[in-house]
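Scroll down for the structure; my scribbles are underneath it.
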């Protein structure tokens, strides 16, 4: 009986090791350009003059993690109300639904630490024509989710289009809702 259990155990271990080697070989074949990506949000750069750079690391064929740095130098205008933040640091986890290696349709969850100046009250005196805004500096943390799609060329160049929405959690003097719209161009290496 002990010999049968020992043979069964050895068989299971051998099968799992062989399966893992086959998976690793297929992942290497599907991902010939590496597990790292560097991209810039071309939409924010062109439309608002915002520098928004992303580093992404592939965990396996269906998931990645990313770190995004956002810097808006023209903060006196705040991009026509699209963004009320000067800078932010965002961490993301993406899960892909395609059979291709970290490509295709995905959902993501994110946590964002951001700071800026938020106008939370606006008054306009029709008699004098004077407008008054109440604003405060803020630093807040948001949690959110989003949807997107990633396309990678045979040369390693990529297009990542996504949108997300989240909620700030810590303060009343910050925007309640945060949004993300990204059209990233980059390279997988």
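In the numbering used here, the protein residues as written are 161 to 349. We put the CB at the ideal spot given by N, CA and C, even for glycine. All values derive from a computational prediction rather than experimental measurement.
| task | Could you please give me the residues that DSSP links to residue 254 through a beta bridge? | result | Its beta-bridge partners are 224 and 268.
| query | Out of curiosity, what's the CA-to-CA distance linking residue 218 and residue 196? | reply | Each residue's Cα considered, the two are about 6 Å apart.
| request: Could you tell me whether the segment 269-279 touches the segment 296-304, where touching means 3 or more Cβ pairs closer than 8 Å? | output: Because the criterion of three Cβ pairs below 8 Å is met, the segment 269-279 and the segment 296-304 touch.
| Given residue 210, which residues of its chain have a CB within under 6 Å of its CB, disregarding the five upstream and five downstream residues? | Excluding positions up to five away in sequence, the list reads 204 and 232.
| query | Helix or strand or just coil, what does DSSP make of residue 333? | reply | Residue state, collapsed to three classes: coil.
| task | Check whether the Cβ atoms of residue 265 and residue 309 sit closer than 9 Å, and answer yes or no. | result | In this structure, residue 309 lies closer than 9 Å to residue 265 by Cβ.
| query | With 16 other CB atoms within 10 Å as the buried threshold, where does residue 294 fall? | reply | Burial call: exposed.
| field | Endpoints, beta strand (DSSP E) assigned at residue 307 | value | First-last of the beta strand (DSSP E) with residue 307: 290-312.
| said: I need the DSSP call for residue 350, collapsed to helix, strand or coil. | reply: Here the chain has residues from 161 to 349 only, and residue 350 is not among them.
| request: Could you name the residues that DSSP lists as bridge partners for residue 325? | output: Looking at the DSSP assignment, residue 325 forms a beta bridge with 305 and 339.
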